[in-house]
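Peer 1: In numbering that gives the first Met the number 0, the protein residues as written are 0 to 957.
For glycine and all other residues, C-beta sits at the position ideal for the given N, C-alpha and C.
Quick one: the structure is below, questions incoming.
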Amino acid sequence: MRTSAEPQSRYEYPAHWEADVVLRDGGTARIRPITVDDADRLVHFYEQVSDESKYYRFFAPYPRLSAKDVHRFTHHDFVDRVGLAATVGGEFIATVRYDRIGAGGAPASGPADEAEVAFLVQDAHQGRGVASALLEHIAAVARERGIRRFAAEVLPANNKMIKVFTDAGYTQKRSFEDGVVRLELDLEPTDRALAVQYAREQRAEARSVQRLLAPGSVAVIGVGRAPGGVGRSVLANIRDAGYEGPLYAVNKAFPEDLAEVDGVAAYRCVRDVDGPVDLAVVAVPAEYVPAVVAECGEHGVQGLVVLSAGYAESGPEGKERQRALVQQARAYGMRIIGPNAFGVINTAPDVRLNASLAPEMPRPGRIGMFAQSGAIGIALLSRLHRRGGGVTGTTGVSTFVSAGNRADVSGNDVLQYWYEDPDTDVVLMYLETIGNPRKFTRLARRTAAAKPLVVVQGTGTAPQGHAVRATRLPHATVSALLRQAGVIRVDTITELVDAGLLLARQPLPAGPRVAILGNSESLGVLTYDRCLAEGLRPARPLDLTTGATPEDFHRALSAALADDTNDSVVVTAIPAIGEASPGDAELAEALRSAAAGVPGKPVLVVHVELGGLAEALSAAASTAPAAVRAAGIERAPGTERVPDAGGGAHPLRPAERVPTAAADRAPASEAPRLIPAYPAAERAVRALAEAVRYGQWRREAAEPGRVPEYEDIDEKGAARLIGELLERGEGLTISDAQTCELLAKYGIRVRRSLPAPTPDDAVEAARALGYPVALKATAPHLRHRADLGGVRLDLADEEQLRRAYAELSELFGKPEELRPVVQGMAPRGVDTVVRTVIDPAAGAVLSFGLAGAASQLLDDTAHRLIPVTDREATSLVRAIRTAPLLFGWRGSTPVDTPALEELLLRVSRLVDDHPEVVAVTLEPVVVAPHGANVLGATVRLAPPPARDDHGPRTMPAY
Numbered sequence: 000m001r002t003s004a005e006p007q008s009r010y011e012y013p014a015h016w017e018a019d020v021v022l023r024d025g026g027t028a029r030i031r032p033i034t035v036d037d038a039d040r041l042v043h044f045y046e047q048v049s050d051e052s053k054y055y056r057f058f059a060p061y062p063r064l065s066a067k068d069v070h071r072f073t074h075h076d077f078v079d080r081v082g083l084a085a086t087v088g089g090e091f092i093a094t095v096r097y098d099r100i101g102a103g104g105a106p107a108s109g110p111a112d113e114a115e116v117a118f119l120v121q122d123a124h125q126g127r128g129v130a131s132a133l134l135e136h137i138a139a140v141a142r143e144r145g146i147r148r149f150a151a152e153v154l155p156a157n158n159k160m161i162k163v164f165t166d167a168g169y170t171q172k173r174s175f176e177d178g179v180v181r182l183e184l185d186l187e188p189t190d191r192a193l194a195v196q197y198a199r200e201q202r203a204e205a206r207s208v209q210r211l212l213a214p215g216s217v218a219v220i221g222v223g224r225a226p227g228g229v230g231r232s233v234l235a236n237i238r239d240a241g242y243e244g245p246l247y248a249v250n251k252a253f254p255e256d257l258a259e260v261d262g263v264a265a266y267r268c269v270r271d272v273d274g275p276v277d278l279a280v281v282a283v284p285a286e287y288v289p290a291v292v293a294e295c296g297e298h299g300v301q302g303l304v305v306l307s308a309g310y311a312e313s314g315p316e317g318k319e320r321q322r323a324l325v326q327q328a329r330a331y332g333m334r335i336i337g338p339n340a341f342g343v344i345n346t347a348p349d350v351r352l353n354a355s356l357a358p359e360m361p362r363p364g365r366i367g368m369f370a371q372s373g374a375i376g377i378a379l380l381s382r383l384h385r386r387g388g389g390v391t392g393t394t395g396v397s398t399f400v401s402a403g404n405r406a407d408v409s410g411n412d413v414l415q416y417w418y419e420d421p422d423t424d425v426v427l428m429y430l431e432t433i434g435n436p437r438k439f440t441r442l443a444r445r446t447a448a449a450k451p452l453v454v455v456q457g458t459g460t461a462p463q464g465h466a467v468r469a470t471r472l473p474h475a476t477v478s479a480l481l482r483q484a485g486v487i488r489v490d491t492i493t494e495l496v497d498a499g500l501l502l503a504r505q506p507l508p509a510g511p512r513v514a515i516l517g518n519s520e521s522l523g524v525l526t527y528d529r530c531l532a533e534g535l536r537p538a539r540p541l542d543l544t545t546g547a548t549p550e551d552f553h554r555a556l557s558a559a560l561a562d563d564t565n566d567s568v569v570v571t572a573i574p575a576i577g578e579a580s581p582g583d584a585e586l587a588e589a590l591r592s593a594a595a596g597v598p599g600k601p602v603l604v605v606h607v608e609l610g611g612l613a614e615a616l617s618a619a620a621s622t623a624p625a626a627v628r629a630a631g632i633e634r635a636p637g638t639e640r641v642p643d644a645g646g647g648a649h650p651l652r653p654a655e656r657v658p659t660a661a662a663d664r665a666p667a668s669e670a671p672r673l674i675p676a677y678p679a680a681e682r683a684v685r686a687l688a689e690a691v692r693y694g695q696w697r698r699e700a701a702e703p704g705r706v707p708e709y710e711d712i713d714e715k716g717a718a719r720l721i722g723e724l725l726e727r728g729e730g731l732t733i734s735d736a737q738t739c740e741l742l743a744k745y746g747i748r749v750r751r752s753l754p755a756p757t758p759d760d761a762v763e764a765a766r767a768l769g770y771p772v773a774l775k776a777t778a779p780h781l782r783h784r785a786d787l788g789g790v791r792l793d794l795a796d797e798e799q800l801r802r803a804y805a806e807l808s809e810l811f812g813k814p815e816e817l818r819p820v821v822q823g824m825a826p827r828g829v830d831t832v833v834r835t836v837i838d839p840a841a842g843a844v845l846s847f848g849l850a851g852a853a854s855q856l857l858d859d860t861a862h863r864l865i866p867v868t869d870r871e872a873t874s875l876v877r878a879i880r881t882a883p884l885l886f887g888w889r890g891s892t893p894v895d896t897p898a899l900e901e902l903l904l905r906v907s908r909l910v911d912d913h914p915e916v917v918a919v920t921l922e923p924v925v926v927a928p929h930g931a932n933v934l935g936a937t938v939r940l941a942p943p944p945a946r947d948d949h950g951p952r953t954m955p956a957y
């Protein structure tokens with residue numbers, strides 16, 4: 000047998016095939032190529048496999064591997080013979096290999112494009128989705144090596160393996176011969192295969208987060224012997240919250256005879272715990288964490304919440320420590336929240352987990368909250384707490400995650416969990432950074448179609464400790480792309496809470512029409528003005544006067560809600576003076592009962608310093624732990640009113656009803672309706688405007704459009720041309736002629752232009768093209784700069800052409816410096832620009848705007864993620880502020896926007912079909928009353944990435 004020093008392959012070790020994956024049960028495994036150093040691991044692995052599984056693999060009893068077998072299964076050339084292994088704790092749990100074959104099934108090399116594939120999964124790990132993950136990765140490897148089909152022979156009784164192949168989503172053929180099922184899989188990715196992959200990814204990542212948020216048992220490691228300290232505090236928080244499962248306190252410094260701490264069983268090491276530990280909360284100094292992780296891994300702990308600091312946030316040394324932490328945890332199949340985390344909270348009545356530094360358990364509710372830093376997490380919980388005067392405030396929290404440095408579990412993972420969580424109706428996220436915007440956008444689009452997702456996004460400066468993909472896109476562009484995915488983008492924590500509380504219990508408005516009523520004319524006018532500023536369509540405010548009674552409010556609100564011309568209602572209220580003034584509880588009940596009569600329209604309240612009403616609104620909601628009495632509000636013992644610091648919003652519910660956890664956690668369709676109240680008109684209207692825009696997005700998302708098929712597109716011809724061009728260099732901007740040839744294969748015609756190095760050449764070019772013509776300087780400093788005078792248009796004859804040539808030479812220098820070209824005149828229209836870029840973080844982006852300095856100065860450009868649908872192309876054209884110029888502004892002739900939209904769709908198809916096309920610029924595109932003419936184009940090519948978001952499932956590399 001060869002040693003590791005011997006050459007074993009035609010290729011270097013393919014390190015980019017290594018990947019960490021999340022399995023079906025939420026655990027993790029590492030997938031990597033098998034090498035000659037794995038002989039002992041392979042033998043040990045095979046010994047753990049049952050005789051039945053061995054029989055299914057080899058179609059005969061095969062108790063042990065021979066030396067020849069071991070050599071064959073560990074020596075690969077990484078081209079025609081490839082083996083991958085899934086490992087946990089450094090040991091194999093499953094293997095897969097392919098061997099390239101030719102006609103008749105004989106071993107072969109390229110260009111043969113078929114391979115036999117076979118799997119073997121250790122019995123203890125069957126049912127975890129290991130084989131499905133391995134199939135995704137070995138298929139990606141095969142495609143990279145030019146293999147297009149897999150063939151597999153399976154015994155009919157091996158139902159599990161047959162299901163792995165048939166459920167993968169690939170186009171396949173199935174036959175039965177000589178007692179064996181033969182399966183052939185076409186490895187070209189299909190929409191179904193991608194859907195299957197994404198569905199498996201969602202289930203696995205959601206399950207991995209669920210194991211962290213709903214553990215069956217918890218150990219806090221680093222509990223101090225004396226009161227105080229992080230570990231002791233978290234232990235008390237878990238205990239006091241009423242956690243339902245076994246709880247353990249762990250510290251290696253505990254005396255050997257210590258049995259418990261604060262009533263919790265105490266141990267010196269997690270390995271000493273007699274029973275499983277699902278979640279370990281780690282609160283020891285960073286230098287002791289590796290030993291703790293090893294003990295947890297050996298004991299079978301499923302996940303870690305690492306509160307310890309001293310990692311990437313502390314500098315380069317800490318960054319290396321963080322990388323080692325993630326690698327160590329993943330080696331044991333564990334996931335990590337943190338390090339430098341604030342903790343996690345789950346208010347479900349059968350869990351009641353407060354594994355965080357928050358001293359009080361939030362009230363149960365239906366809002367999921369995610370923050371990266373502890374400070375922001377504290378601010379979010381505090382804001383909700385203050386507004387209700389109770390434990391959490393308002394509708395309450397379902398789950399809360401503060402991920403710290405998010406070295407492993409990120410917002411994407413938690414979003415996967417909340418997508419299918421029946422206890423969460425609204426998601427609030429404060430994202431200082433987005434590590435993988437492309438994936439986040441994909442997940443956000445799917446989540447937002449089911450439940451509101453409200454996000455505060457950082458400005459792009461990554462805190463130390465956050466691994467973030469570099470992006471060339473401006474912050475505003477990334478924000479715009481998120482909005483297109485259905486994300487409700489806000490700028491502050493206050494706006495985050497305001498929008499979230501409205502969406503948590505109020506229905507989405509059907510449109511922008513707003514009714515305004517209340518007992519203050521000035522507050523109504525202020526609300527009216529803010530509605531106009533937010534793009535809403537308010538009706539004139541209805542002034543009920545300061546003498547309005549609860550019955551007046553009830554009557555007016557009922558009428559406004561019943562009016563088909565209103566989509567939502569804003570109620571304004573100021574303090575009333577005198578004995579006849581309405582009681583706070585009575586007014587709250589009047590508004591609630593009126594809103595209950597027409598449940599399909601949202602209602603908001605704007606109040607001004609109504610202390611009693613604010614208490615009534617808060618107590619009538621799910622946020623205050625106080626019982627509401629007929630004569631007012633009686634606070635629960637030990638609670639005090641917390642002064643409002645301008646945060647949050649009050650909800651409204653019947654004053655006589657005592658809120659319960661069951662009501663708080665009931666689905667939105669079943670829960671009592673809450674009416675949010677805001678201390679300022681601008682806050683209420685901003686929240687309403689976000690709800691209106693989100694409602695419109697939901698309606699449009701129900702019919703997402705399609706990516707059109709065009710019969711004249713030559714995809715294969717374009718692929719051949721791109722391959723030929725890339726053979727000449729790693730990355731290149733192709734020539735004008737090559738650009739025209741490539742674009743033509745997608746039905747994009749570039750108006751012909753001819754070089755004119757001399758006046759005589761210009762005349763000959765004009766004769767060939769036909770007058771009238773344009774003369775353009777194409778030197779880099781003059782290209783697309785008509786404002787500098789480097790373009791002469793509508794040259795009707797030779798005399799005008801020669802005069803223009805002389806003028807350009809006199810102004811800008813010699814012809815070799817100008818690089819002049821002659822081009823036939825296009826019909827007059829509106830000059831536009833179409834661009835695509837491949838951003839490392841966001842992916843392929845299509846951009847559109849008008850040409851000219853004004854649009855560039857104002858950054859008036861709209862963007863969409865590729866592939867673009869027909870509906871998105873239509874919205875893209877209309878998204879820029881200068882769009883009226885395309886539709887007959889000030890009496891001008893409208894231009895052919897359908898032709899422009901088709902051009903956008905064709906460019907999108909080109910970039911989506913060929914990832915080697917990394918940049919396209921069409922400038923200018925003159926959109927005339929009939930047709931769109933491309934006058935200039937550049938295309939840049941580069942080798943495609945080995946893996947992208949459509950590749951096999953992987954966790955972020957660390």
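By the 10 Å Cβ neighbour count, where 16 or more other Cβ atoms means buried, how is methionine 954 classified, buried or exposed?
Peer 2: By one-based count along the sequence shown, residue 954 stands at place 955. It is buried - the Cβ of methionine 954 has at least 16 other Cβ atoms within 10 Å.
Peer 1: How many Å lie between leucine 480 and lysine 600 at the Cα?
Peer 2: Within the sequence shown, numbered from 1, the residue matching residue 480 stands at position 481. Within the sequence shown, numbered from 1, the residue matching residue 600 stands at position 601. The alpha-carbon atoms of leucine 480 and lysine 600 are separated by roughly 29 Å.
Peer 1: Tell me which residue opens and which closes the alpha helix (DSSP H) that methionine 333 is part of.
Peer 2: Numbered from its first residue, the sequence shown carries residue 333 at position 334. Premise fails: methionine 333 is in no alpha helix (DSSP H) and is neither H nor E.
Peer 1: Would you give the residue range spanned by the beta strand (DSSP E) that serine 567 belongs to?
Peer 2: On the sequence shown, position 568 is the one that residue 567 refers to. First-last of the beta strand (DSSP E) with serine 567: 567-572.
Peer 1: Is asparagine 404 helix, strand or coil when you go by DSSP?
Peer 2: Here residue 404 refers to the residue found at position 405 of the sequence shown. Three-state DSSP puts asparagine 404 in coil, outside helix and strand.
Peer 1: For tyrosine 331, which residues from the same chain have a beta carbon less than 6 Å from its beta carbon, with the 5 sequence-adjacent residues on both sides left out?
Peer 2: What you label residue 331 is simply residue 332 of the sequence shown in a count that begins at 1. These residues qualify, in order along the chain: Gly88, Gly296.
Peer 1: Run through the stretch 155-179 for me and flag every whole beta strand (DSSP E) of 3 or more residues, listed as ranges in chain order.
Peer 2: Here the runs fully enclosed are 170-176.
Peer 1: Between the stretch 713-725 and the stretch 493-512, can you find at least three pairs of beta-carbon atoms closer than 8 Å?
Peer 2: No, the stretch 493-512 does not touch the stretch 713-725.
Peer 1: Within 10 angstroms of its Cβ, does leucine 193 collect 16 or more other Cβ (buried), or is it exposed?
Peer 2: For the purposes of this step, residue 193 is taken as the residue at position 194 of the sequence shown. Label assigned to leucine 193: exposed.
Peer 1: Quick check on the burial criterion: 16 or more other C-beta atoms within 10 angstroms. Buried or exposed for leucine 22?
Peer 2: Residue mapping note: residue 22 aligns to position 23 of the sequence shown, counting from 1. Result: buried.
Peer 1: Could you have a look at histidine 74 and say whether DSSP puts it in helix, strand or coil?
Peer 2: Here residue 74 refers to the residue found at position 75 when the sequence shown is read from its first residue. In the structure shown, histidine 74 sits in coil (DSSP, three-state: anything other than H, G, I, E or B).
Peer 1: Are there 16 or more other CB atoms within 10 angstroms of the CB of histidine 474, so buried, or fewer, so exposed?
Peer 2: Taking the first residue of the sequence shown as position 1, residue 474 is located at position 475. Exposed is the call here.
Peer 1: Looking at the secondary structure, which residues open and close the alpha helix (DSSP H) in which valine 963 lies?
Peer 2: Given a span of 0 to 957 for the chain in the structure shown, any question on residue 963 remains unanswerable.
Peer 1: Taking alanine 773 as the reference, give the member of Pro756, Leu794, Ala587 with the closest Cα.
Peer 2: As a first step, residue 773 is located in the sequence shown; it is residue number 774 there, counting from the start. Of the listed residues, the one whose Cα sits closest to alanine 773 is Leu794.
Peer 1: Less than 8 Å between the beta carbons of glutamate 183 and arginine 148, yes or no?
Peer 2: Here residue 183 refers to the residue found at position 184 of the sequence shown. Here residue 148 refers to the residue found at position 149 of the sequence shown. Cβ atoms of glutamate 183 and arginine 148: closer than 8 Å.
Peer 1: To the nearest angstrom, how far is the alpha carbon of arginine 482 from that of arginine 488?
Peer 2: What you label residue 482 is simply residue 483 of the sequence shown in a count that begins at 1. What you label residue 488 is simply residue 489 of the sequence shown in a count that begins at 1. Straight-line Cα distance between these residues: approximately 6 Å.
Peer 1: For lysine 959, which residues does DSSP report across the bridge?
Peer 2: Outside the shown range of the chain (0 to 957) lies residue 959, about which nothing can therefore be said.
Peer 1: Which first and last residues belong to the beta strand (DSSP E) in which glutamate 90 is found?
Peer 2: Sequence index remark: in the sequence shown, residue 90 carries index 91 (1-based). Its beta strand (DSSP E) spans residues 90-100.
Peer 1: Excluding the five sequence neighbours on either side, which residues of its own chain have a C-beta within less than 8 Å of the C-beta of alanine 285, listed in chain order?
Peer 2: Stepping through the sequence shown from its first residue, residue 285 is reached at position 286. Counting only Cβ-Cβ distances below 8 Å, and skipping sequence neighbours, we find Ser307, Ala308, Gly309, Tyr310, Gly317, Arg320, Pro338.
Peer 1: Between the alpha carbons of arginine 863 and alanine 105, how many angstroms are there, rounded?
Peer 2: For the purposes of this step, residue 863 is identified with residue 864 of the sequence shown, where counting begins at 1. For the purposes of this step, residue 105 is identified with residue 106 of the sequence shown, where counting begins at 1. When rounded, the distance between both Cα atoms is 48 Å.
Peer 1: State the Cα-Cα distance for the pair threonine 757 and valine 917, rounded to the nearest angstrom.
Peer 2: As a working note, residue 757 is residue 758 in the sequence shown. As a working note, residue 917 is residue 918 in the sequence shown. Their Cα atoms are separated by approximately 35 Å.
Peer 1: In whole angstroms, what separates the C-alpha of valine 959 from that of tyrosine 55?
Peer 2: Residue 959 cannot be examined here, being either before or after the span of the chain that is shown, 0 to 957.
Peer 1: Report yes or no: do the stretch 397-412 and the stretch 429-449 share at least 3 C-beta pairs separated by less than 8 Å?
Peer 2: Short answer: they touch.
Peer 1: How far does the beta strand (DSSP E) with arginine 782 in it extend, from its first residue to its last?
Peer 2: Here residue 782 refers to the residue found at position 783 of the sequence shown. Note, arginine 782: premise wrong, no beta strand (DSSP E); not H, not E.
Peer 1: Tell me which residue opens and which closes the beta strand (DSSP E) that threonine 835 is part of.
Peer 2: As a first step, residue 835 is located in the sequence shown; it is residue number 836 there, counting from the start. Residues 829-838.
Peer 1: Using a threshold of 8 Å, state whether the C-beta atoms of alanine 443 and alanine 484 are closer than that.
Peer 2: Position 444 of the sequence shown, counted from the first residue, corresponds to residue 443. Position 485 of the sequence shown, counted from the first residue, corresponds to residue 484. Contact: yes.
Peer 1: Alpha carbon to alpha carbon, what distance is there between leucine 541 and alanine 558?
Peer 2: The residue labelled residue 558 in the question sits at position 559 within the sequence shown. The residue labelled residue 541 in the question sits at position 542 within the sequence shown. Taking the straight line joining both Cα atoms gives about 11 Å.
Peer 1: If you compare alpha carbons, which of Gly101, Leu356, Glu135 is closest to alanine 84?
Peer 2: As a first step, residue 84 is located in the sequence shown; it is residue number 85 there, counting from the start. Nearest C-alpha to alanine 84: Glu135.
Peer 1: Going by DSSP, which residues form a beta bridge with tyrosine 429?
Peer 2: Counting from 1 along the sequence shown, the entry for residue 429 is found at position 430. For tyrosine 429, which the question treats as bridged, DSSP gives the partners Ala370, Val455.
Peer 1: Sorted by chain position, which residues of the same chain lie with C-beta nearer than 6 Å to alanine 240's C-beta, five sequence neighbours on each side aside?
Peer 2: Within the sequence shown, numbered from 1, the residue matching residue 240 stands at position 241. Same-chain partners within the cutoff: Arg351, Asn353, Met360.
Peer 1: Tell me which residues share the same chain as alanine 235 and place their Cβ nearer than 7 Å to its Cβ, disregarding the 5 neighbours each side in the sequence.
Peer 2: The residue you call residue 235 lines up with position 236 of the sequence shown. Answer for alanine 235: Asp261, listed in chain order.
Peer 1: Tell me whether the stretch 17-33 and the stretch 199-216 touch, counting them as touching only if at least three CB pairs, one residue from each stretch, are closer than 8 Å.
Peer 2: Yes: at least three Cβ pairs fall under 8 Å.
Peer 1: Per DSSP, leucine 541 is paired with what?
Peer 2: Residue numbering aside, residue 541 sits at position 542 when the sequence shown is read from its first letter. Answer is Leu516.
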